[in-house]
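For reference, the structure discussed in these notes is given below.
Number of protein chains: 2
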Amino acid sequence: MPSLSDFDLDELHRFAADIACEAGAYLRDQQLARTRAGGASGHLDRSIEIKENAADIVTHADMHSEQLITNAIKQRYPTHKIIGEESYSAGQDKRFLLDDDPTWIIDPLDGTVNFVHLFPTCCVSVGFCVNKVPVVGAIFAPLLSGLHPTNASGALYSGAKSLGAWSTPPWAHAVPLPYIPPQPLPADAPKGCLFTAEWGKARSDAPGSNLVKKSTSFINMAAEVGGRGGKGGMVHGVRSLGSAALDLVYVATGAVDIFWEGGCWEWDVCAGMIIIAEAGGRVVPSQPPSEAYLTDRSLAIPDAGIGSRLYLAVRACAGTEGETEREAQDRLVREVWRRTERLDYVRPE
Amino acid sequence: MPSLSDFDLDELHRFAADIACEAGAYLRDQQLARTRAGGASGHLDRSIEIKENAADIVTHADMHSEQLITNAIKQRYPTHKIIGEESYSAGQDKRFLLDDDPTWIIDPLDGTVNFVHLFPTCCVSVGFCVNKVPVVGAIFAPLLSGLHPTNASGALYSGAKSLGAWSTPPWAHAVPLPYIPPQPLPADAPKGCLFTAEWGKARSDAPGSNLVKKSTSFINMAAEVGGRGGKGGMVHGVRSLGSAALDLVYVATGAVDIFWEGGCWEWDVCAGMIIIAEAGGRVVPSQPPSEAYLTDRSLAIPDAGIGSRLYLAVRACAGTEGETEREAQDRLVREVWRRTERLDYVRPE
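Structural data, given as structure tokens:
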């Protein structure tokens, strides 16, 4: 197994942020070229016609963004492996290919449906793993802005193992994550929590399908306390953005308390996992390893495997007199597990 | 009844945009003051402590934003009436107070739950009505950016009757809405459509409750074609932002094809209604005036009443050889009506 101390995480962090921003700027230019106003200048030019249909545009943009990132990696780190969403998905199956070697896991365009529709919640996600654990991550959303205004367009979120997590990284105007110091978890959580979840692509309505299980879980989380046979969570709000990478980012900022998801892949979560970890949050399995975990507090809740396709992210919590930070997060995890269904997402061995 | 020609809509439009931006900048400053990085400069200052709880912050910000806007209106247009979300909600009941007089309808902070959580989808919404119809509107989202980069922080969307609708208004760098020329509506819509909807505040899970009806409708829209007893809509994606005003904005840009909502109020929709109308979209009732409207194409689909609390917004459509723009929108409206439940939101007479 490689040793983490062999890697210059600060340098890798800068590199990840740079290429995420570069690919994101390319994606924005592609969007602008589709609009009536045209071009990066933002000036009105009605002469620009839409020459490709939406599916062509997204395929082209996705592929080019991935090529841009992989070329940069190959030039700078020729010995590193690369797992990219586009090239990977084009393969025969979706086996879990990550091993202990230093590996970049990239999603050149997360939120492709949004991108097609010119909806702003899409991003580039660039993560780097050693020994199957994400240690560097950068997520750049070209059509959003961060909380803190900068001169640059788009919003960058990034982090590196033991160094920290930021919106606007240290070499610009450091804005550490979470935005505000971690708050204690309310005694009646998930009540009062902001909850994000995604409807996803599995749309069969057969009994026991993932769509049915997901929607049942959403309703449980939303319903008043006492409702749904005691499963009502009365969360403060339910949000769906159509981008798992951005859902994870908002957990890292502290805006979102809970992100519960099944069905996405390692390229959707790799960068977000390290950003959340460095911001004091946790990413654990979306369902308990066994039902005993719901009640037995002596069982340590594990981290989610990066390729597990089942993720539950919770924000950083402050400890209180009777509860450590980690105990508060464990409590929130169990409360979510109790209200959500067990999803069926598998992958080839 | 006042005559619309008595009003300088261009001047009213500039004024609405100015005060929406001014109130939005104030809201952003309030958010920044809560963060660890502090202040508008974005520089790290860990000395800033959070002195109020989230509820205090939002109440204070909401009230101050409304005061800022109403003071500006009273000074510039002393004869105009004002309906503001904050002052209105503080009253005894929620009767519909709008009459034919020139009236500003404002939501000084739409998406308050998001604001509390530092989630970026919140905005200021400033609308102006004559004869109970919105004729000027401006929506400013201080924590988002528009598609076209500008030097200013935040995203402004605005419009005025017969003048047009814009992201970044004509006096800056005109970006007309929708972003791309209206596209034809697919033959199998709502398949392929981006659908936004909100879970809202009604969380009873009793049979026939609005929560049950809403979630049933969401599942119908999401499920595969042929599913849900023929009601499966297989929309491209389901999104929830927690701000009706922004949902309407994204319909106006063309990003969102369908926004279906019950329960919000005139201040949530006033500005968005005129922006959508000027961008070629439609806002109609979320449910048919009678079931005959589902099949009888000779029945003209009415516009939604601004105080009706039940809204369905659809984007601008291009006509095709066999179908006018309006017929395409009518078709989409009927397809949504067929898949969604009849909600129960009333208001005092």
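Read top to bottom, the protein sequences are chains P and F. Okay, so the first sequence: first residue is 178 according to this note's numbering, each after it adds one. Okay, so the second sequence: first residue is 178 according to this note's numbering, each after it adds one. Note that beta-carbon positions come from the ideal geometry of N, C-alpha and C, so glycine has one too.
Of the listed residues the options, nearest to residue i (C-alpha basis)
i      : options                        : result
P:G499 : P:A493, P:W281, P:R492, P:R508 : P:R508
F:T430 : F:L388, F:R211, F:M240, F:H325 : F:H325
F:L362 : F:V313, F:I283, F:G458         : F:G458
P:F395 : P:R474, P:M240, P:G439         : P:G439
F:A210 : P:L209, P:V523, P:E443, P:V352 : P:V352
P:D287 : P:I250, P:N248, P:D277, P:S242 : P:S242
P:L590 : P:R511, P:V491, P:D434, P:A505 : Not covered by the structure: residue 590 of chain P. The range shown for chain P is 178 to 526.
P:V446 : P:R253, P:D277, P:G404, P:A490 : P:A490
P:D239 : P:N248, P:P346, P:F292, P:P347 : P:F292
F:R503 : F:P311, F:V461, F:D276, F:C441 : F:V461
F:P179 : F:R272, F:D277, F:R191         : F:D277
F:S477 : F:A193, F:Q506, F:L487, F:H237 : The question names Ser, but residue 477 of chain F in the sequence shown is Ala. The option with the nearest alpha carbon to F:A477 is F:Q506.
P:R380 : F:W348, F:C370, F:M411         : F:M411
F:V513 : F:K271, F:I483, F:Y488         : F:Y488
F:G404 : P:S392, P:R515, P:A432, P:A383 : P:A383
F:Y356 : F:E443, F:K338, F:C494         : F:C494
F:V523 : F:P346, F:C441, F:P285         : F:C441
Within chain P, the residues that residue i reaches when beta carbons sit closer than 8 Å
i      : result
F:V513 : In chain order: nothing, as chain P lies at least about 17 Å away.
F:L320 : S322, L324
F:L371 : V290, N291, H294, F296
F:G528 : The structure shown has nothing for residue 528 of chain F, since chain F only spans 178 to 526.
The ligand ADP heavy atom lying under 7 Å from the CB of residue i
i      : result
F:S381 : The model depicted lacks the ligand ADP and carries no ligand whatsoever.
DSSP-derived helix/strand/coil call for residue i
i      : result
F:A337 : strand
F:F372 : strand
P:K390 : helix
P:E262 : helix
P:A249 : helix
F:Y488 : strand
F:S344 : strand
F:A505 : helix
F:E500 : strand
P:A193 : helix
F:A399 : helix
F:K408 : coil
F:A351 : coil
F:A495 : strand
F:E226 : Low per-residue confidence applies at F:E226: pLDDT is 36, beneath 50, and the placement is therefore not dependable enough to give any value.
Within chain F, the residues that residue i reaches when beta carbons sit closer than 7 Å
i      : result
P:A399 : W376, R380, L388
P:Y427 : F296
P:G419 : G414, R416
P:G496 : Here the premise fails: no neighbours, minimum Cβ distance about 17 Å.
P:G201 : Under the 7 Å cutoff, chain F gives no residues; its nearest Cβ is about 12 Å from P:G201.
Neighbouring residues, chain F, relative to residue i (Cβ below 9 Å)
i      : result
P:Y334 : The contacting residues do not exist; P:Y334 stays about 12 Å from chain F at best.
P:A432 : N291, H294, L295, F296, P297
P:G385 : Those do not exist, as P:G385 stays about 14 Å from chain F at its closest Cβ, beyond 9 Å.
Closer than 8 Å at the beta carbon, the chain F residues around residue i
i      : result
P:M240 : Going along chain F, no residue has its Cβ under 8 Å from P:M240, so there is no contact; the nearest lies around 20 Å.
P:G407 : Near P:G407 there are no residues of chain F at all, since even the closest Cβ is about 11 Å away, more than 8 Å.
P:S392 : S392, F395, I396, A399
P:H413 : V290, V293, H294
P:G449 : Here the premise fails: no neighbours, minimum Cβ distance about 16 Å.
P:G499 : Residues of chain F passing the Cβ test: none, with the nearest at roughly 20 Å.
Any chain B beta carbon closer than 8 Å to residue i
i      : result
F:R416 : Any reference to chain B falls outside this structure, whose protein chains are P and F.
7 Å Cβ cut-off: residues of chain P touching residue i
i      : result
F:G457 : In chain order: nothing, as chain P lies at least about 12 Å away.
Partners in chain P for residue i, counting only beta-carbon separations shorter than 9 Å
i      : result
F:G439 : Here the premise fails: no neighbours, minimum Cβ distance about 15 Å.
**Prompt:** Would you call the region 416-425 of chain P and the region 436-455 of chain P in contact, with 3 or more CB pairs under 8 Å?
**Reply:** yes
**Item:** In chain order, each alpha helix (DSSP H) run of at least 4 residues that lies wholly inside the region 270-334 of chain F
**Value:** 289-294
**Message:** Give the list of continuous beta strand (DSSP E) stretches no shorter than 3 residues that lie fully inside the region 415-472 of chain P.
**Reply:** 435-439, 459-461
**Message:** Using 8 Å as the cut-off, can you tell me whether the region 396-405 of chain P makes contact with the region 280-288 of chain F, which would need three or more C-beta pairs spanning the two stretches below that distance?
**Reply:** no
**Prompt:** Any contact of the region 385-394 of chain F with the region 367-382 of chain P, i.e. 3+ C-beta pairs under 8 Å?
**Reply:** no
**Prompt:** Does the count of Cβ pairs from the region 332-341 of chain F and the region 311-318 of chain F closer than 8 Å reach three?
**Reply:** yes
**Stretch pair the region 405-419 of chain P + the region 404-421 of chain F: three plus CB contacts closer than 8 Å** = yes
**Item:** Any 3 or more C-beta pairs closer than 8 Å across the region 464-471 of chain F and the region 244-264 of chain F
**Value:** no
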